[in-house]
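Reading through the structure tokens given below for one structure.
Residue numbers (our numbering), protein chains in the order written: chain A, 1 to 216; chain B, 217 to 363.
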């Protein structure tokens with residue numbers, strides 16, 4: 001098996017950059033930073049220095065306290081930071097995962113935790129989050145709470161988000177993370193990252209490995 | 217709705233083509249689609265505008281009978297910002313694609329289901345209006361793979 005392992009530093013550079021908006025040509029689909037000589041396209045980035053699972057205690061879609069570390073300990077877990085007023089990348093990312101999850105055997109599906117943490121807690125109340133996630137997969141976990149707590153948790157995963165703010169036209173602008181972090185059931189560490197160009201096929205191929213804590 | 221501002225037709229933007237050559241912009245649209253949205257009031261739309269002409273144009277606003285509001289968004293640093301206008305370079309193209317710039321439909325009349333079509337009118341600074349039929353595709357539709 002051939003694995004790509006990058007240093008966390010190089011990875012962070014790649015992961016926290018988003019596509020520049022100079023909207024021309026097809027090459028905007030290419031990665032922003034090329035960090036490997038391996039030119040075969042692979043969605044998964046395997047970390048040689050895994051992330052610790054963030055110590056996040058938030059509120060779930062039922063309005064109950066949810067301690068991320070406690071609730072997901074020993075379970076394969078995917079974590080994504082986004083918001084429901086996001087028309088493009090956030091629903092696409094969650095839908096891609098939802099379609100791939102359907103292909104897992106039931107026992108593994110039940111074992112997997114897919115956690116969507118809102119970056120826009122003022123608009124994403126537990127009820128709003130629940131309504132939105134139910135359209136994607138009613139088993140997915142939605143978390144909301146204090147923005148500063150969420151931002152600090154995201155930062156420990158190299159994900160940079162800003163609070164929702166009004167633009168010059170008075171419209172609310174929110175931020176989403178640019179990667180999904182997969183945590184191993186064996187170590188509870190975040191060991192694989194997926195960028196926003198990861199497809200249904202990528203997740204379908206990799207999830208059977210991820211649920212076992214193996215390297216995709 | 218984005219205002220049709222910018223009195224000057226000076227080209228900025230990333231394309232860098234300076235609009236010499238052909239007399240005017242010749243625009244056509246392809247690869248238009250809307251992924252079936254999760255939200256019942258909001259959706260994103262994607263398309264490519266080709267310009268075979270020697271003069272650049274600007275997409276200044278978008279309207280649709282199916283949505284109370286359509287805006288053109290640029291994605292910068294993980295956030296979407298409303299754009300005043302986007303340039304379609306001479307002999308070039310403007311690509312609105314997932315993860316990048318896109319149309320944002322707000323105040324939809326009803327939730328868009330796969331198989332439906334949404335008619336939008338693109339408004340350009342020079343070329344006037346252009347009607348486009350945008351099919352609603354699967355939520356996970358990927359134009360690179362065609363599914």
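For glycine and all other residues, C-beta sits at the position ideal for the given N, C-alpha and C.
| Asked | Found |
| --- | --- |
| Best match in B:267, B:305 and B:297 for proximity to residue 420 of chain B [C-alpha to C-alpha] | Because residue 420 of chain B is not part of the residues shown, which for chain B are 217 to 363, the question remains open. |
| Per-residue contacts from residue 197 of chain A into chain B (C-beta, under 8 angstroms) | 315 |
| For residue 179 of chain A, the three-state DSSP class (helix, strand or coil) | strand |
| Among B:284, B:283 and B:289, the one whose alpha carbon lies nearest that of residue 276 of chain B | B:289 |
| Uninterrupted alpha helix (DSSP H) stretches inside the region 252 to 332 of chain B (no shorter than 4 residues) | none |
| Outcome for residue 284 of chain B when other beta-carbon atoms lying within 10 angstroms are tallied against a minimum of 16 | exposed |
| 8 angstroms Cβ cut-off: residues of chain A touching residue 358 of chain B | 199 and 200 |
| Residue 297 of chain B: contacting residues in chain A (beta-carbon distance under 8 angstroms) | 167 and 173 |
| heavy atom of the ligand SAM below 8 angstroms from residue 313 of chain B C-beta | Among the components modelled here there is no ligand, and therefore nothing to report on the ligand SAM. |
| Neighbour flag for residue 271 of chain B against chain A, beta carbons, 9 angstroms | no |
| Neighbour list for residue 253 of chain B in chain A, Cβ cutoff strictly below 8 angstroms | 87 and 91 |
| Under the three-state DSSP convention, the category residue 113 of chain A falls into | strand |
| Buried or exposed (CB count within 10 angstroms, at least 16 for buried), residue 351 of chain B | exposed |
| Residue from A:168, A:169, A:149 and A:209 with nearest C-alpha to residue 162 of chain A | A:149 |
| Proximal residues of chain A, C-beta to C-beta of residue 341 of chain B below 9 angstroms | Within chain A, no residue comes near residue 341 of chain B; the closest Cβ sits about 17 angstroms away, beyond 9 angstroms. |
| Contact list for residue 320 of chain B against chain A, beta-carbon separation under 7 angstroms | 87 |
| Close beta carbons around residue 133 of chain A, own chain, < 7 angstroms, minus the five adjacent residues each side | 61, 116, 140 and 142 |
| Cβ distance (whole Å) where residue 76 of chain A is taken to contact residue 210 of chain A below 8 angstroms | 5 angstroms |
| Secondary structure of residue 210 of chain A, DSSP reduced to three states | helix |
| Cutoff 9 angstroms: residue 123 of chain A Cβ touching any chain B Cβ | no |
| Cβ separation of residue 292 of chain B and residue 265 of chain B, assumed to be a contact under 8 angstroms, to the nearest whole Å | At roughly 20 angstroms, the Cβ-Cβ gap does not stay under 8 angstroms, so residue 292 of chain B and residue 265 of chain B are not in contact. |
| Residue environment, residue 330 of chain B, which counts as buried when at least 16 other CB atoms sit within 10 Å | exposed |
| Residue 48 of chain A classed as buried or exposed, judged by whether at least 16 other C-beta atoms fall within 10 angstroms | exposed |
| CA-to-CA distance, residue 302 of chain B to residue 268 of chain B, given in whole angstroms | 17 angstroms |
| 9 angstroms Cβ cutoff met for residue 99 of chain A and residue 200 of chain A | yes |
| Beta-carbon spacing of residue 80 of chain A, residue 174 of chain A below 9 angstroms | no |
| Local Cβ density within 10 Å of residue 30 of chain A, reported as buried at 16 or more and exposed below that | With a pLDDT of 42 at residue 30 of chain A, under the threshold of 50, the predicted position of this residue should be treated as unreliable, though the coordinate-derived value follows. When all chains shown are included, residue 30 of chain A counts as exposed. |
| Proximal residues of chain A, C-beta to C-beta of residue 259 of chain B below 7 angstroms | 87 |
| Residue 244 of chain B burial status per 10 Å Cβ neighbour count (16 or more: buried) | exposed |
| Within 9 angstroms, strictly: CB atoms of residue 321 of chain B and residue 261 of chain B | yes |
| Unbroken beta strand (DSSP E) run spanning residue 82 of chain A, endpoints | 77 to 82 |
| Chain A contact for residue 335 of chain B (CB, 9 angstroms cutoff) | no |
| Exposure label - residue 105 of chain A; buried when at least 16 CB within 10 Å | exposed |
| Inter-residue Cα distance where the pair is residue 313 of chain B and residue 59 of chain A | 34 angstroms |
| Range of the contiguous alpha helix (DSSP H) that encloses residue 94 of chain A | 89 to 101 |
| Residue 349 of chain B in three-state terms, based on DSSP | strand |
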